Amino acid sequence: MKTALVTGGAQGIGHGIVSRLRNDGWRVAIFDLDREALDEMQAGDVDLLCHAVDVGDEGQVVEAARAVADWIGPQGLDLLVSNAGISDPVSGPLEDLSLADWRRWQDSHVTGAFLTIRALLPLLRQARGSIVTMASTRALQSEPDCEAYAAAKGALVAMTHALAVSLGPEVRANCILPGWIETGPWQKSANRSAPAHSDRDRDQHPVGRVGRVEDIAGLVVWLASDEAGFITGQRFVVDGGMSVRMIYAD
Ligand code: NAD
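Numbering of the sequence shown is given in UniProt numbering, commencing with residue 1 and proceeding in unit increments.
Here's what the structure looks like:
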């Protein structure tokens, strides 16, 4: 049975990835900040290994990684999905952005990926596994007032090609850049919502719809498979074509 760790796996895209992996027969561990969401995941699937972890906290990550090592045993880790992070892209006007808030974005995305990957690397090497990092199309394009998020996501893209070069041939690393992915149905029950998209929401995507967590989960599973064995250090935009549409002002 293949093994995976998904950070931020208790809600949203991470939850969708966990679900897909479990349906495909993987053993899955989750690191997430939100205890309530983790409890719900655990109640729905007793075989998950759920840990309340802030991925930006070195001590917590090291301790939880030890628990993962014990749980996995000699087989090692086949897949690490570094997905956790503050999903709100708007940090506000630059003049009002405090250093503490800037660091919160960098810590949850970039430092979190660094700490998690470093702590799980021996297990990944053991299994000749692979890493998938979760960036965003906002690493490549922006709305106003999103400097902290854009910087964090750009850093993840760059870190991923560096990882590919450092960790090959044992471990591959690739980066997914999602566009607009609807996560309402994948939140903990207190925050769950049904998708409600307007024609305008759909029509701005060349594929005619907003993204689903399944669109990301499918790519994660494929990137972790032997079929993707010649692919490392790459970035994959999954946005229904939204970022390639040319826009002329009227
Ligand atoms: P979400 O908020 O629905 O879920 C994120 C999960 O990560 C939550 O369960 C949260 O508790 C957890 N988390 C946040 N910070 C954490 C930390 N420091 N340590 C541990 N867990 C933490 O978000 P989502 O929309 O599913 O986004 C998941 C990833 O995908 C994020 O990295 C986000 O930036 C990226 N992304 C999302 C979209 C989108 O449209 N949904 C688009 C592009 C990129």
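Ideal placement from N, C-alpha and C gives every residue a C-beta, glycine not left out.
Values in this document were obtained by computation on a predicted structure and should not be read as measured data.
- In this structure, residue 240 has its beta carbon at no less than 6 Å from each heavy atom of the ligand NAD.
- Proximity to residue 77 across 114, 172 and 56 peaks at 172, based on C-alpha coordinates.
- DSSP, read as helix, strand or coil, puts residue 183 in coil.
- Excluding residues up to 5 positions away in sequence, 124, 125 and 128 lie with their Cβ nearer than 8 Å to the Cβ of residue 170 in the same chain.
- Apart from sequence neighbours up to five positions away, the residues of its chain that approach residue 138 with a beta-carbon distance below 7 Å are 89, 146, 149, 150 and 153, ordered along the chain.
- Under the three-state reduction of DSSP output, residue 117 falls in the helix class.
- By DSSP's assignment, residue 3 forms a beta bridge with 27.
- Counting only unbroken stretches of 3 or more residues, the beta strand (DSSP E) elements lying wholly within the stretch 54 to 105 are 79 to 82, in sequence order.
- Scanning its chain for C-beta atoms nearer than 6 Å, with the 5 sequence neighbours on each side dropped, one finds around residue 65 the residues 119 and 120, in chain order.
- Between residue 159 and residue 113, the beta carbon gap of about 6 Å places them in contact (Cβ cut-off 8 Å).
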